[in-house]
Amino acid sequence: MAFKKRGKKGERGLQVAALPYRWTETGTLEILILTSRSTLRPIIPKGWPMKGKTNAQAAATEANEEAGLIGKIGKEPIGNYEYFKRFKDRFELCRVDVFPFEVTGQEETFREKGQRHMRWLSRHDAALLVDEPQLRGLISSFSPRRH
Numbered sequence: 001m002a003f004k005k006r007g008k009k010g011e012r013g014l015q016v017a018a019l020p021y022r023w024t025e026t027g028t029l030e031i032l033i034l035t036s037r038s039t040l041r042p043i044i045p046k047g048w049p050m051k052g053k054t055n056a057q058a059a060a061t062e063a064n065e066e067a068g069l070i071g072k073i074g075k076e077p078i079g080n081y082e083y084f085k086r087f088k089d090r091f092e093l094c095r096v097d098v099f100p101f102e103v104t105g106q107e108e109t110f111r112e113k114g115q116r117h118m119r120w121l122s123r124h125d126a127a128l129l130v131d132e133p134q135l136r137g138l139i140s141s142f143s144p145r146r147h
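Per full-length UniProt numbering, the sequence shown runs over residues 1 to 147.
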């Protein structure tokens, strides 16, 4: 079964995500983990592809809307993972393409401010916190170049 841009009943959906990261002053890599709005699960910013935007641009938009993040998104995904998306009446399997997002700042006001908790964590701790094994593996093996 192929993945569609937005899953309809009985179809698999394709979503896009940003993996937000930054470098501390001491050169340590940190990953931003936030919570989902309804279940408070640890996640990275993600959503559906957007008309008129590349998947990378859509992932960057999600990072801005969900966490107020500003930065540079990678053009190609570093990998993907699958999870069951919760709808009102069902669960559907979705594939999520993950794009690296180097964070350079955070806006004071943004669309979903106050609706989520967020925390910068070491790569190891971030990987331990997320539920999806494939995402855990992506975070564990993520090693961007420092500019």
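All residues carry an ideal CB built from backbone N, CA and C; glycine is no exception.
Here the structure is a predicted model, which means the values were calculated and not measured.
Give a yes or no on whether the C-beta atoms belonging to Trp120 and Leu32 are separated by under 8 Å.
-> The count along the sequence shown starts at 1 and reaches residue 120 at position 120. The count along the sequence shown starts at 1 and reaches residue 32 at position 32. Cβ atoms of Trp120 and Leu32: closer than 8 Å.
DSSP on Gly137, reduced to helix/strand/coil?
-> In the sequence shown, counting from the first residue as 1, residue 137 sits at position 137. Helix, per DSSP.
If you follow the beta strand (DSSP E) that Thr35 is part of, which residue opens it and which one closes it?
-> Within the sequence shown, residue 35 is the residue found at index 35, counting from 1. Per DSSP, Thr35 belongs to the beta strand (DSSP E) from 29–35.
According to the neighbour-count rule (16 or more other Cβ atoms, all chains shown, within 10 Å of its Cβ), is residue 184 buried or exposed?
-> Any question about residue 184 goes unanswered here, given that the chain covers just 1 to 147.
Residue range of the beta strand (DSSP E) that Leu93 falls in?
-> Counting from 1 along the sequence shown, the entry for residue 93 is found at position 93. Here the beta strand (DSSP E) through Leu93 covers 91–106.
Straight-line gap, Ile73 to Glu102 (C-alpha atoms, nearest Å) | Taking the sequence shown and counting its residues from 1, one reaches residue 73 at position 73. Taking the sequence shown and counting its residues from 1, one reaches residue 102 at position 102. Answer to the nearest angstrom: the Cα atoms are 6 Å apart.
Grab the span of the beta strand (DSSP E) containing Glu62 for me, first residue to last.
-> Against the sequence shown, residue 62 aligns to sequence position 62. Not the beta strand (DSSP E): Glu62 falls in the alpha helix (DSSP H), residues 55–67.
Compute the Euclidean distance between the alpha carbons of Pro42 and Leu135, then round it to the nearest angstrom.
-> Residue 42 sits at position 42 when you count from the first residue of the sequence shown. Residue 135 sits at position 135 when you count from the first residue of the sequence shown. Pro42 and Leu135: Cα-Cα distance of roughly 11 Å.
Leaving out five residues on either side along the sequence, give the residues of the same chain with a beta carbon under 6 Å from the beta carbon of Ser141.
-> Translated into positions along the sequence shown, residue 141 becomes position 141. Excluding residues within five positions, none has a Cβ falling inside 6 Å.
Simplified DSSP assignment, three categories, for Arg146 | Position 146 of the sequence shown, counted from the start, is the residue given in the question as residue 146. Here Arg146 sits in coil by DSSP.
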